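Here is the structure we will look at.
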Amino acid sequence: MAEEAAQPPLTINTQYVKDHSFENPNAPSIYGTLRSEKPDISLSVEVTPKQLQDQVYEVVLGLRASAKIGEATAFMAELDYAAVISLAPDLSEEVRERLVMVEVPRHLFPFARAILADDTRDGGFPPLMMSPIDFAQLYLSRRAQAQSADGESAKGEANGQA
Numbered sequence: 831m832a833e834e835a836a837q838p839p840l841t842i843n844t845q846y847v848k849d850h851s852f853e854n855p856n857a858p859s860i861y862g863t864l865r866s867e868k869p870d871i872s873l874s875v876e877v878t879p880k881q882l883q884d885q886v887y888e889v890v891l892g893l894r895a896s897a898k899i900g901e902a903t904a905f906m907a908e909l910d911y912a913a914v915i916s917l918a919p920d921l922s923e924e925v926r927e928r929l930v931m932v933e934v935p936r937h938l939f940p941f942a943r944a945i946l947a948d949d950t951r952d953g954g955f956p957p958l959m960m961s962p963i964d965f966a967q968l969y970l971s972r973r974a975q976a977q978s979a980d981g982e983s984a985k986g987e988a989n990g991q992a
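Rendered as structure tokens:
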């Protein structure tokens with residue numbers, strides 16, 4: 831009797847652009863300003879999982895980037911890059927959560943970074959080359975923040991401050 835092959839813990843079924851926009855509100859005047867001033871760039875990263883079926887999830891990596899020169903906006907870029915994944919049914923909740931919140935975004939990031947670099951280059955700016963993100967550290971810090979907020983909420987309720 832042939833043994834069944836073990837299912838890998840994580841299968842990426844598909845990945846895709848879910849939402850995407852690039853705005854260049856002060857073109858063409860901003861290009862002259864760019865020659866003499868360096869823009870201030872802000873970045874934000876969000877990982878949002880959604881369970882679709884028992885072992886099937888959609889994981890969305892949200893990247894937001896904006897650049898300002900003084901009060902003038904040079905560009906705004908937003909990208910939600912997603913994957914539909916399947917997880918093996920025998921995984922612990924801890925392993926499942928780390929795969930969804932760390933490993934999937936780690937896989938999606940290079941694709942999303944390339945899209946944003948192309949956006950900024952095609953918008954007339956130098957390509958935005960985001961440094962790699964430590965999704966494990968991001969996950970741990972956000973989990974600690976959530977636990978801290980839960981502790982403060984419970985403390986407030988215990989003191990009658992809810």
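This note's numbering applies: residue 831 is where the sequence shown begins, and numbers increase by one. Each residue gets a CB set at the ideal place from its N, CA and C atoms; glycine is no exception. Quick caveat, the model's predicted, so the values are computed rather than measured.
- Neighbourhood of Asn854 by C-beta, 6 Å cutoff - its chain only, sequence neighbours within 5 removed: Phe905 and Gly953
- Message: Looking at the strands, I want to know which residues DSSP matches up with Met906.
- Response: Residue pairing by DSSP puts Met906 in a beta bridge opposite Glu853 and Ser896.
- Spatial distance of Gln977 from Ser851 (CA atoms): Taking the straight line joining both Cα atoms gives about 33 Å.
- Beta-carbon gap between Pro935 and Val886 smaller than 8 Å: no
- Query: Is Arg973 near the ligand ADP, judged by its Cβ being under 7 Å from some heavy atom?
  - Reply: Looking at this structure, you won't find the ligand ADP or any other ligand, since it has none at all.
- Item | Three-way DSSP call (helix, strand, coil) for Ile915 in this model | strand
- Query: Given Arg894, which residues of its chain have a CB within under 6 Å of its CB, disregarding the five upstream and five downstream residues?
  - Reply: Ser874 and Glu908
- Message: Among the candidates Pro839, Ile871, Leu891 and Arg865, whose CA atom is the shortest distance from the CA of Tyr969?
- Response: Leu891
- Distance, Cα to Cα, Gly862 vs Leu946? 22 Å
- Task: Can you have a look at Pro869 and say buried or exposed, based on whether 16 or more other CB atoms are within 10 angstroms of its CB?
- Result: buried
- Query: Sorted by chain position, which residues of the same chain lie with C-beta nearer than 6 Å to Asn989's C-beta, five sequence neighbours on each side aside?
  - Reply: Low local confidence applies: a pLDDT of 47 at Asn989 is under 50, so the model's placement there is unreliable, and no value is given.
- Message: Can you find the residues in the same chain that come closer than 6 Å, C-beta to C-beta, to Phe965, ignoring five residues on each side of it along the sequence?
- Response: Val932, Pro935 and Arg936
- Message: How far does the alpha helix (DSSP H) with Pro940 in it extend, from its first residue to its last?
- Response: Val934 to Asp952
- Item | Coarse secondary structure for Asp884, derived from DSSP in three states | coil
- Message: I'd like to know whether the C-beta atoms of Phe939 and Ile963 end up nearer to each other than 8 Å.
- Response: Yes. Within cutoff.
- Task: Can you check DSSP and say which residues form a bridge with Ile871?
- Result: In the DSSP output, where bridge partners are listed per residue, Ile871 has Ala897.
- Cutoff 6 Å; reference Ser896; Cβ partners in own chain excluding five residues on either side: Contacts found: Ser872 and Met906.
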